[in-house]
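Residue numbers (my numbering): 9 to 446.
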């Protein structure tokens, strides 16, 4: 370990600041030392090892500059000492010695000036790089969101069909999708225009990130509860599922906000530049990722027991669950690694967040809204929500449009039907047989 004391901190009885550079192997011992001296609240910032690679040429130049300055001072000191001896001994100096001394002095001065100019140029470039508005992380988040936003705008005339559906489920999915896109644009814009991460700016950034993350959490929980507890034709059932989802999401938001603002991990900061947000801290990330991973794993396993319990039957739903299972496992694994001071865990967390923010709106659109947007008619038809083919409750009554009545819908055998109907199903008779029965 290396402790650098600057300013008045090196003087006895004076207050000042000190910086300690501690290796990861000695960090636990350093924490124990802080606990013994009752200084546990002392802030600590973990420096990424990649920064050393960027600073290596600058440090090398600074070292060369210091050596040149030392040689220059030594040359001047030797020249002064020689002049003093000459004066005291009354020795006449030769032009040859003067020329050699002057030549060495000019050479050292030129080398020192060249190193200083090169060092100042690199420092200027490094400062400009660190102060630039657009960062790579912002661009990586902006490109996929912009593509999705352009796609939504191109499909906007077709989205009128979503608002005309009697069931609120499509409207909720559409609102969630657009809310996520809007908040994503806001958080990226704020991150781009925020040059310094002072306390107010950092607070605004964290609030926007928390709102965006809350929309994703609400969408996940609402879809799970609707798939297993919702009734498609019942508005009261929709409201109950919505209310329960809001309760769970509010609990997650409270814990996430407490972890984000009260137990924020300063290791997410690099040179006062926020390269990533904790989303509630490493502990919350690990717990939430583990809970959601267990839920999705249970859903995938329960497919084998669908005869004992009615669950969604289409494979697309389980592909959706598999993708989210992978993302949450990565998030929990990366949070655990980063919690135990493994820097590679931060890379895993960033990768999981990038996949989540990129793929999740695509999954929502493909599973819930694609079939409605692609329809060529607005006549009421049996509605299928992407992956949901059967529901846990039997529908008691179905409002039938008299202008569009299916011949098999008025028979005794098919009086009670789920709202999601596959016309090619082998259990449904063909049209000629049904008309003969009528």
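The C-beta atom is built at its ideal place from N, Cα and C for all residues, glycine as well. All values derive from a computational prediction rather than experimental measurement.
Annotation for residue 180: the continuous alpha helix (DSSP H) segment containing it runs 176 to 201.
With respect to the C-alpha of residue 251, the residue from 180, 110, 370 and 211 having the closest C-alpha is 180. Non-local C-beta neighbours of residue 326 in its own chain, meaning closer than 7 Å and more than five positions away in sequence, comprise 308 and 311, ordered along the chain.
Sequence-distant Cβ neighbours of residue 257 in its own chain, meaning closer than 7 Å and more than five residues away, are 222, 225, 226 and 229.
Taking a 10 Å sphere around the C-beta of residue 270, we find fewer than 16 other C-beta atoms and assign the residue as exposed.
In the DSSP assignment, residue 369 falls within the unbroken alpha helix (DSSP H) covering 352 to 372.
By the 16-neighbour rule on beta-carbons within 10 angstroms, residue 78 is exposed. Comparing C-alpha distances from residue 364 to each of 189, 44 and 377 shows the shortest one belongs to 189.
Annotation for residue 335: the continuous alpha helix (DSSP H) segment containing it runs 323 to 347. CA-CA distance, residue 42 to residue 292, rounds to 25 Å.
Three or more Cβ pairs drawn from the segment 292 to 303 and the segment 337 to 355 lie within less than 8 Å of each other, which places the two stretches in contact.
Sequence-distant partners of residue 193 (beyond 5 residues in either direction) whose C-beta falls short of 7 Å from its own C-beta, in its chain, are 153.
In terms of Cα proximity to residue 248, the closest of 186, 301, 183 and 176 is 176. For residue 149, the closest of 305, 178, 360 and 234 by C-alpha to C-alpha distance is 360.
For residue 51, the secondary structure class from DSSP, reduced to helix, strand or coil, is coil. When 339, 374, 338 and 356 are compared, the shortest CA-CA separation from residue 324 is found for 374. Across the structure, residue 303 and residue 254 are spaced so that their CA atoms are roughly 18 Å apart.
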